[in-house]
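A.B. asks:
Protein chains in written order, with full-length UniProt numbering: chain A, 1 to 190; chain B, 1 to 190.
#1: What is the rounded straight-line gap between the Cα of residue 23/A and the Cα of residue 119/B?
#2: Pull up the CB-CB distance for residue 76/A and residue 174/A, whole angstroms please, since I reckon it's below 8 Å.
#3: Would you kindly report the start and end of the unbroken alpha helix (DSSP H) that includes residue 158/B?
#4: Report the residues of the region 99 to 115 of chain B with a CB closer than 8 Å to any CB of chain A, ordered along the chain.
#5: If we call anything under 7 Å between Cβ atoms a contact, is residue 183/B one with residue 183/A?
#6: Are the beta-carbon atoms of residue 165/B and residue 157/B separated by less than 7 Å?
#7: What are the uninterrupted segments assigned as alpha helix (DSSP H) that are 4 or more residues long and contained completely in the region 56 to 120 of chain B, given in chain order?
#8: Cβ of residue 100/A within 7 Å of Cβ of residue 55/A?
#9: Assuming residue 30/B and residue 51/B make a contact with CB atoms under 8 Å, what is their CB distance in whole Å?
#10: Between residue 129/B and residue 187/B, which are expected to be in contact by the criterion C-beta below 8 Å, what is the C-beta distance as a whole number of angstroms?
#11: If we cut at 7 Å on Cβ distances, does residue 117/A have a partner in chain B?
#12: Of the choices 168/A, 142/A, 136/A, whose alpha-carbon is the least far from that of residue 73/A?
#13: Below 8 Å on the Cβ atoms is my guess for residue 109/B versus residue 102/B; work out the distance and round it to an integer in Å.
#14: By Cβ distance, which residues of its chain are closer than 8 Å to residue 60/B, with the 5 residues on each side in sequence left out?
#15: Hey, does residue 48/B have any beta-carbon neighbour from chain A nearer than 7 Å?
#16: Determine the chain A residues that contact residue 21/B at a beta-carbon separation under 9 Å, and present them in chain order.
#17: Report the rounded CA-to-CA distance for residue 163/A versus residue 69/A, giving the unit in angstroms.
#18: Whose CA, out of 160/A, 190/A, 113/A, 124/A, lies closest to the CA of residue 161/B?
#19: Can you give the beta carbon distance from residue 140/A to residue 80/A, rounded, assuming they're within the 8 Å contact cut?
#20: Between residue 229/B and residue 33/B, is the Cβ-Cβ spacing less than 7 Å?
#21: Checking contacts by CB at 7 Å: is residue 156/B closer than that to chain A?
#22: Since I believe residue 5/A is in contact with residue 27/A (beta carbons under 8 Å), could you give me their beta-carbon distance rounded to a whole number of angstroms?
#23: With burial defined as no fewer than 16 other Cβ atoms inside 10 Å of the residue's Cβ, what is the status of residue 190/A: buried or exposed?
#24: Could you name the residues that DSSP lists as bridge partners for residue 141/A?
#25: With the cut-off set at 7 Å, would you say residue 152/A and residue 152/B are in Cβ contact?
#26: Residues of chain B with a CB under 8 Å from the CB of residue 148/A: which are they?
#27: Mark residue 123/B as exposed unless 16 or more other C-beta atoms lie within 10 angstroms of its C-beta, in which case mark it buried.
#28: Decide if residue 167/A is buried, meaning its Cβ has at least 16 other Cβ atoms within 10 Å, or exposed.
#29: Rounded to whole angstroms, what is the Cα-Cα separation between residue 18/B and residue 49/B?
#30: What residues from the region 172 to 183 of chain A come within 9 Å of chain B, judged by C-beta to C-beta, listed N to C?
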C-alpha cells in the first residue's frame, strides 16, 4: 500500500484518538477521515487494533534524535524537559496519552507501544554513548536503565499518581539520575 | 449508609474491574454483585464514576504500612519489591490496573486515583522519616520525591513502556534512589 495512504490512515487514527480517545475511535471514523474505504481498512489492518498498531508504528518513523548539549547533565535534563513539554499542551498530549490508554484495553496496542518505546529509548541511549566517549561515564553503565530512570518520575506523576509535573521536577529527575550514575549505581554487576 | 453496604459495593466494583476492566463495568453488574438496588446506587453515588471513586476511597482505608527493615537501603528495596509483587500475579494486578486505566477515561477516577496515591506515598515517607532519625539521611531530603523515584522505573515499565519487571530491576531502582539520596540529589534547595 502506498505511503500516502498509510500516512492518511495514520493521521486519521491520531486525529481520532486526540478527539475521542481509544474507546471512542471507530473504523468508520478512520475511513471517513482518511478517505480509505472501510472494507479496505478491515482487509489490510483487520480492525481497530491493527489500525492503532499501524499508527504507532508510523509514529516511530520520525526523525527525532536525543538532545546533544555537550554534557551528560545537560542531555539528561533536556530529555526530562522534553517529557514535561510533550505532555504540557493538551493538543500535543492527546495522541500519546490515547496510545498509552489503549494499551490497557488491547494486547496488540500494548505490543505496539512496547515496540515504540523500546525504539525511542534506544535512541535516547545516544546521550550515554556520548558520555562514555567523553569519559563522563563508564562503559559498564546500564544505559537503558539510565534513560528510563530520568523520565520515569515524570511518567509516574502524569499517568499513575496523576500529579502535576513541571520543569523543577524535570531538573530534579535529571539531577537524581546523574548523581546515581556518577555513584556507579547504574553499573552492571561484574 | 452502613459500612457493610459500602463494603459490598466496593467488593462488587473491584470484582467487576478485575473481571471486565473499566469499560466493561456497569452499574447493573455492581447492583447484582453487591445486592444493593440499582436505584440506590445511582441515588447514592450518581453512577459508575462515583462508584469507582468510592471503591478507591475505601481501598485506601486498609492498614498497610511501609516496610521497616531497619535501614533505608532495606526499606527502599522492600518498597520496590512490593510494587513488583503486587503486579506479578494477574489476580492481584487486575483491580489496581483497572483503576489506573479508568483514570484515562474519567476525570473523577483520576481525582480519586491521585488522592489514593498521595495518601499511599505519604505512608511510604515513614521510611525516610526513620532514616533521618537514624542519621542515614538529612532533614533537607525531599522524601516525597524519593519514595516516588524508587517505584517510578517499575511503574514506567508496567504501564507505559509495557516491559517486564523483576526483582533485579527492583534492586536496581532501590540502589539508584539510595545512591542519589546519599549524594544529596533529593535535597531541597536552601
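Built from N, CA and C at the ideal position, the CB exists for glycine as well. Bear in mind the structure is a predicted one, so any value in this text is a computation, not a measurement.
C.D. replies: Reading off the structure:
#1: 30 Å
#2: 4 Å
#3: Element bounds for residue 158/B: n/a, residue is neither H nor E.
#4: 100, 101, 103, 104, 105, 110, 111, 113, 114
#5: yes
#6: yes
#7: 72 to 86, 90 to 102
#8: no
#9: 6 Å
#10: So it is not a contact: roughly 15 Å between Cβ atoms.
#11: yes
#12: 136/A
#13: 4 Å
#14: 115, 116, 119, 120
#15: no
#16: 104, 105
#17: 29 Å
#18: 113/A
#19: With a Cβ gap of about 23 Å, residue 140/A and residue 80/A do not count as contacting.
#20: Coverage of chain B is limited to positions 1 through 190, which leaves residue 229/B absent and any answer about it impossible.
#21: yes
#22: The Cβ separation is near 15 Å, so there is no contact.
#23: exposed
#24: 187/A
#25: yes
#26: 153, 156, 157, 161
#27: exposed
#28: exposed
#29: 16 Å
#30: 172, 173, 175, 176, 177, 178, 179, 180, 181, 182, 183
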